[in-house]
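Novice: Residue numbers (this note's numbering), protein chains in the order written: chain A, 1 to 219; chain B, 1 to 219. Ideal Cβ placement from N, Cα and C applies to all residues, glycine included.
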DNA sequence: CGGTGCCTCCACCCCGGGGTGGAGGCACCG
DNA sequence: CGGTGCCTCCACCCCGGGGTGGAGGCACCG
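1) Alpha carbon to alpha carbon, what distance is there between residue 29/A and residue 98/B?
2) Can you give the Cα-Cα distance for residue 171/B and residue 204/B, rounded to whole angstroms?
3) Short of 8 Å Cβ to Cβ, which residues in the stretch 154-179 of chain B face chain A?
4) For residue 84/A, which of helix, strand or coil comes out of DSSP?
5) Taking a cut of 7 Å between CB atoms, which residues from the stretch 123-138 of chain B lie near chain A?
6) Tell me whether the stretch 40-49 of chain A and the stretch 61-72 of chain A touch, counting them as touching only if at least three CB pairs, one residue from each stretch, are closer than 8 Å.
7) Checking the sheet assignment: what are the DSSP bridge partners for residue 211/B?
8) Which residues, in order along the stretch 44-55 of chain B, keep a beta-carbon less than 8 Å from a beta-carbon of chain A?
9) Any beta carbon from chain A within less than 7 Å of residue 209/B's own beta carbon?
10) Using a Cβ-Cβ cutoff of less than 6 Å, which residues in the same chain neighbour residue 128/B once the five nearest sequence positions on both sides are dropped?
11) Report, in whole angstroms, the separation of the C-beta atoms of residue 212/B and residue 166/B, which I expect to be a contact under 8 Å.
12) I think residue 210/B touches residue 209/A, with their Cβ atoms under 8 Å apart; what is that distance to the nearest whole Å?
13) Less than 7 Å between the C-beta atoms of residue 186/B and residue 175/B, yes or no?
14) Once the 5 residues before and after residue 147/B are set aside, which same chain residues still bring their CB inside 6 Å of it?
15) Give me the Cβ distance between residue 54/B and residue 8/B, rounded to the nearest whole Å; I'm assuming they're in contact under 8 Å.
16) Using only the alpha-carbon positions, how far apart do residue 6/A and residue 116/A sit?
17) Report, in whole angstroms, the separation of the C-beta atoms of residue 61/A and residue 12/A, which I expect to be a contact under 8 Å.
18) Roughly how many angstroms separate the alpha carbons of residue 201/A and residue 125/A, rounded to a whole number?
19) Grab the span of the alpha helix (DSSP H) containing residue 26/A for me, first residue to last.
20) Going by DSSP, what residues sit across from residue 220/A in a beta bridge?
21) Going along the chain, which residues of its own chain have a beta-carbon closer than 6 Å to the beta-carbon of residue 66/B, five neighbours each way excluded?
22) What is the rounded straight-line gap between the Cα of residue 135/B and the Cα of residue 85/B?
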């Protein structure tokens, strides 16, 4: 990486825009090449200046930040986008990340955080607000271990009986119904349920059903 | 947060273990209450000391870090886990995060990074290595909630919001978590849940998860 | 022989999930 | 204009699910 990291700042609030511009101008190795007050201007600025990084507000008039991010990523994939916004609700976060943002900062980030995000993103890494990271974890897609051994032995050391109970859970049976189905007491069912929860690391039967589907124990 | 953040350090290599212990002992507001040389010891230490944070190596004898993390999260959900490992391959990362780790550091992290991760995780946030963040982004689920109108209309006359709630149920979230995720009250979530149960004809969330998987609203 | 793992069952506790019966705001539409 | 559907939120109730801490029988095996 030679030469400064070239940045475009897009925010509809002038104070914010100029504050960030100033902040970054005092940062070593970073240069603000343009600013934009709405999404359309941001896209145009990217086309004209081919920056390394775009600092993008989400709430802007005329083509909001998400749409602008999507356009930037589609037409100028070399330019990375860091979202800088007051809001961190799931809708915004997912939409922005899906549009291709590699960074996500909230507006109480300090100069240091902003500079770090710009550098990391320019270096091909990601830099997300800690709360956003946590949300991502919650949305973690199923961990499919390896589809190698499909109908092989039970995963996570489940016993035969536990797999049986798990399948019935996935089939939508209550503990009482499972007990009737297996001709054992409900207490026994609850024991198996507790054991298989512990082994698979799930919290409740909803998660257990998802686990069963992902591991081919239901369907 | 009053009192120091109480930490357990688990690593089978003595140099690493004691190095981190020293490093953290010099950090304001952090106290190492125990160390562990393998997974079993780590789990036992958590049970005995009820720490705020566990720094967990992944490669350890007798119950590896992933299993230990899972146990800690199951049995002592108050204690958060930060993984500290040399490896950042996808399998390890996914397994660890799935087991419930809230932090992920590689071993070339400095004292500052380690301290920051401990603090953030203790505060209920997440702190993942930037490369891990990038991997997570690549794994981002296909933003199911509101995909404009791609995969056909919702089955059984489900509204957009109901489909959204159903997807989150299938992702294993509780009503409280769904409420937080959608930024609405829990009462609203319960209303949607009741409506979608009635429309789809399921009885509880276990059956709802199965329904979601069968109708391609999860997975 | 003793140890281990699995299956079986018990009592007890508590909270979250699921159900009922409301309500208001808003957008859309005939 | 009034009706309808959706989203939002409330209070209240109750039961099943999930967790704890036991226990005994049995098969297998070193």
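Specialist: Per the coordinate set shown:
1) 37 Å
2) 15 Å
3) 169, 170, 171, 172, 173, 174 and 177
4) strand
5) 125, 126, 127, 128, 130, 131, 133, 134, 136 and 137
6) yes
7) Residue 211/B is not bridged to any residue.
8) none
9) yes
10) 104
11) 5 Å
12) 5 Å
13) yes
14) Legend: pLDDT at residue 147/B = 34, less than 50; position of this residue unreliable, value from coordinates given subsequently. Within the same chain, residue 147/B has no close Cβ partners at all.
15) 5 Å
16) 14 Å
17) 6 Å
18) 30 Å
19) Segment: none, residue 26/A is in no alpha helix (DSSP H) and carries neither H nor E.
20) Outside the displayed range of chain A (1 to 219) lies residue 220/A, so it cannot be described from this structure.
21) 95, 96 and 99
22) 16 Å
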